[in-house]
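Top to bottom, those sequences are chains A and B.
Take the first sequence: its position 255, counted from the start at 1, is 255 in the numbering used here, and no numbers get skipped.
If you want the numbering used here, it's the position in the second sequence, counting the first as 1, plus 1000.
We put the CB at the ideal spot given by N, CA and C, even for glycine.
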Amino acid sequence: MGVILAQVAVSGILLGGVYALISIGLTLIFGVLRVVNFAHGEFLMIAMYASFWLFHQYGLDPYVSIPIVVALLFVVGVIAMLLVIRPILRASPSMQIAATVGLSTLLQNLALVTLTANYRSVETKLSRMVLSIGPLVMGVSRLVAFLVALAITGLLFLFLQRTYLGKAIRCTAQDRTAALLMGINIDRVYLLTFAIGSALVGVAGALLMQLYPVFPTVGTYFVLAAFVVVVLGGLGNLTGALLGGFIIGLVEAFSGFYVPELKEAVYFVVFIIVLLVRPTGLFGVVGAEEVGLK
Amino acid sequence: MSTPMQREGTMFSTYRFIPTSSLYTLVGLAAVVSVLAFNVADKFYLHVLIMMLFYAAVSSAWNIVGGFAGQLSLGHAAFFGIGAYTSSLLFINFGISPWIGMLIGGVLATLVAGAIGWPSFRLRGPFFTLVTIAFAEVLRILTLYAHDLTRGSIGISVPFRPAVGNFIFRQLSAYAVVALIFLMLTVMVNLWIESSRLGYYLAALREDEDAAQALGIDTARYKLVATLVSAFLTALGGTFYAQYILFIEPFAIFSLDFSVLLAMMAIIGGIGTVWGPVAGAFLVTPLQEGLQAKLGGELHGLHLVVYGAALIVVVILLPQGIVPSIAGRVKRAFGHHEARPAPPVKGES
């Protein structure tokens, strides 16, 4: 029994790494722009389709095509920012949600109409390989996704801490007016942050393609989990998103083990309870849910 | 001159129940729909008419919370589902008339809305929206899980036993009349709220919740009242849907898409106005039904591509929605000032 539980825990942590990677882009965008991007899941879907198409058409391994997918998602982020997000930055929260929900509906159904509802998956040698450590087994592609998630988060931290641009982004997140007064071009910071957040979900999509099939509504499934992760970690909190990812990964793995039919309900209930008891998330600052502060 | 704010009385006191223009619109709508319902022979057009009335009513019910109170719920499918499942289960298991089941479902939805609404009103903006989504998802998963009771993903077929008492009719016209009455009811409730003390409280907390609280408005209480009324009416819509389509299953009934659709229609038409959701539903429903009929199973989702694009365009270019924009233009053209302030565009930030 102990071995089984350990196995469940390992699966949960590996799954959590994937959730964390999807969530980090979402939480970064919220932290800086104060906009919850409901179309984040559709960006993931676009990344997965791009990865699938590059594999199918040109035989590029999903790991090899990561840079192309990331560049594509960066561009998708820039376009979405200029066309949809920028015009609504000063609108009420309700209208912001409405616009990004509209974008989500548009992209999801565009995919449904043009690419059909069929499930498509990529099979490489790696995607079926399994690594055993003692009695525990783990899929190699899951392990890679987990390690890349950690590495990307580390890189993002270094970027935010060390570079001028990273400091400008943090500064804008803390106080837009002060940042503006310090001579930071806020519009450009917003654009870059949104594009970086989208590029991050591009990495997630490319890695996920080895693990899950892609279909037009795949984003809804993952984005709901990502919302849970992000709120649990405190919206706008990067470390929180990483930890939240692991917590939700573990919750899902264990509830999947004990009550498989209810596993999604379990993490939604955890989500509702956390929001009601501690709306700022487990690692958020008190009062953040009211003003959207970090 | 006494303004409604200065009057003595409860939050339910009104100073002008139905404005004359709205009264004419309501009577005109009833007349046109009645004539159409009994004279359109084509079953498809009659079906489109019924769906227009149905969506207009449910979107108006959503508007009480999403529009007047400014709390963007994307979980109204939960109340809709409670209504649909309650009346259907009572009908097929105990033979209880769906007319009675509808009221029981409404009361049940109201109770659930109170239980979930009260604690979540502390949350603002996206946090509130996320809780409403999670709540509807949990209900969907529980409905799938409790398959002994709800038949899970197989869904429930309501047996076709036409009788007025069974809320099942052979003639589509009868459904059109019921939908019309349902729409008139929700519009009247919207009109009543708009002109009542409650409506002013809701407008105040929508514009600036902190300021409303500072003025002594118990914002949580009025949000709750709005939610209870909205949940009750939405649940009635669930029963109507179940009795008209005669089939319900969790993925269709509790779907996020349905909740989004209600919000979308209200926003496109004019969020927080009485006629906005009606106009929004009347504009987009024919498109949806028309495309579905024309393309069949092919290109399923094309209407949602159009909706999504329309929603983005409206939010960016006409954030007040179509009805207030047109109304404002008409009034300016005739040299009148706008009678009521338009809903907010600027955020709380």
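Determine the closest residue to residue i out of the options, with distance taken between C-alpha atoms.
i: G202/A; options: M1/A, S51/A, N37/A and G31/A; result: S51/A
i: V1040/B; options: I1096/B, A1211/B, A1176/B and L1144/B; result: A1176/B
i: T1233/B; options: A1037/B, V1065/B, L1049/B and V1027/B; result: Going by the sequence as given, residue 1233/B is Leu instead of Thr. Selected option, being the one with the closest Cα: V1065/B.
i: P1126/B; options: I97/A, A265/A, G240/A and Q108/A; result: I97/A
i: V8/A; options: L156/A, I248/A and T105/A; result: I248/A
i: A281/A; options: R188/A, V228/A, L207/A and A265/A; result: Looking at the sequence itself, residue 281/A is Gly, so the reference to Ala does not match. Considering only alpha carbons, the answer is V228/A.
i: L1375/B; options: F38/A, V10/A and L103/A; result: Nothing can be reported for residue 1375/B, as the shown portion of chain B is limited to 1001 through 1349.
i: G236/A; options: T105/A, L156/A and R34/A; result: R34/A
i: T27/A; options: A265/A, P62/A, Y119/A and S198/A; result: S198/A
i: I1312/B; options: A225/A, T193/A, A204/A and V101/A; result: V101/A
i: Y190/A; options: A206/A, I133/A, M81/A and S132/A; result: M81/A
i: V10/A; options: L158/A, F271/A, P135/A and F157/A; result: P135/A
i: G240/A; options: L14/A, A6/A, Y19/A and L15/A; result: Y19/A
i: L1089/B; options: G1280/B, G1238/B, K1294/B and A1113/B; result: G1238/B
i: G1101/B; options: S1087/B, F1068/B and T1025/B; result: S1087/B
i: M1051/B; options: A1310/B, G1280/B, L1228/B and S1097/B; result: G1280/B
Does the Cβ of residue i have 16 or more other Cβ atoms within 10 Å, making it buried, or fewer, making it exposed?
i: P260/A; result: exposed
i: N185/A; result: exposed
i: A253/A; result: buried
i: A71/A; result: exposed
i: V1260/B; result: buried
i: R142/A; result: buried
i: K125/A; result: exposed
i: H56/A; result: exposed
i: I4/A; result: exposed
i: P1319/B; result: buried
i: H1147/B; result: exposed
i: G1301/B; result: buried
i: F222/A; result: buried
i: T114/A; result: exposed
i: L1094/B; result: Per the sequence presented here, residue 1094/B reads as Phe, with Leu not at that position. So F1094/B ends up on the exposed side.
i: P279/A; result: buried
i: Q1171/B; result: exposed
i: I1154/B; result: exposed
i: V1164/B; result: exposed
i: Y258/A; result: exposed
Indicate whether residue i and residue j have their beta-carbon atoms separated by less than 9 Å.
i: I169/A; j: V32/A; result: yes
i: I196/A; j: F74/A; result: yes
i: T1150/B; j: Y1241/B; result: no
i: A1235/B; j: A1109/B; result: yes
i: M48/A; j: V230/A; result: no
i: A99/A; j: A111/A; result: no
i: L242/A; j: I24/A; result: yes
i: V1278/B; j: S1059/B; result: yes
i: M182/A; j: Q108/A; result: no
i: E1289/B; j: F1044/B; result: yes
i: V1274/B; j: N1190/B; result: yes
i: L975/B; j: A1220/B; result: In the structure displayed, chain B extends from 1001 to 1349; residue 975/B sits before or after that span and is not available.
i: A1037/B; j: L1029/B; result: no
i: S94/A; j: G1216/B; result: no
i: I1193/B; j: I1268/B; result: no
Roughly how many angstroms separate the alpha carbons of residue i and residue j, rounded to a whole number?
i: E1338/B; j: G1328/B; result: Caution is warranted here: a pLDDT of 47 is assigned to E1338/B, below 50, making its placement in the model unreliable, and no coordinate value can be reported.
i: A1056/B; j: L54/A; result: 45 Å
i: K1331/B; j: L1256/B; result: 37 Å
i: V78/A; j: L275/A; result: 31 Å
i: P1019/B; j: R1197/B; result: 15 Å
i: F1282/B; j: L1053/B; result: 8 Å
i: R1140/B; j: T220/A; result: 15 Å
i: W1118/B; j: L1224/B; result: 6 Å
i: L306/A; j: A1212/B; result: Because chain A in this structure spans residues 1 to 294, residue 306/A falls outside the shown range and cannot be described.
i: A117/A; j: F215/A; result: 6 Å
i: I1271/B; j: R1206/B; result: 12 Å
i: G1105/B; j: L1317/B; result: 39 Å
i: L106/A; j: H1047/B; result: 26 Å
i: L1023/B; j: G1152/B; result: 44 Å
i: G12/A; j: F146/A; result: 11 Å
i: R176/A; j: G2/A; result: 51 Å
i: L89/A; j: A1263/B; result: 20 Å
i: Y1307/B; j: L131/A; result: 47 Å
i: L1183/B; j: Q1243/B; result: 16 Å
i: A1113/B; j: K1294/B; result: 38 Å
i: F271/A; j: F1091/B; result: 35 Å
i: I133/A; j: A6/A; result: 12 Å
i: V1032/B; j: L211/A; result: 56 Å
* Validate contact between the stretch 1075-1090 of chain B and the stretch 1242-1250 of chain B using beta carbons, cut 8 Å, 3 pairs -> Touching, yes.
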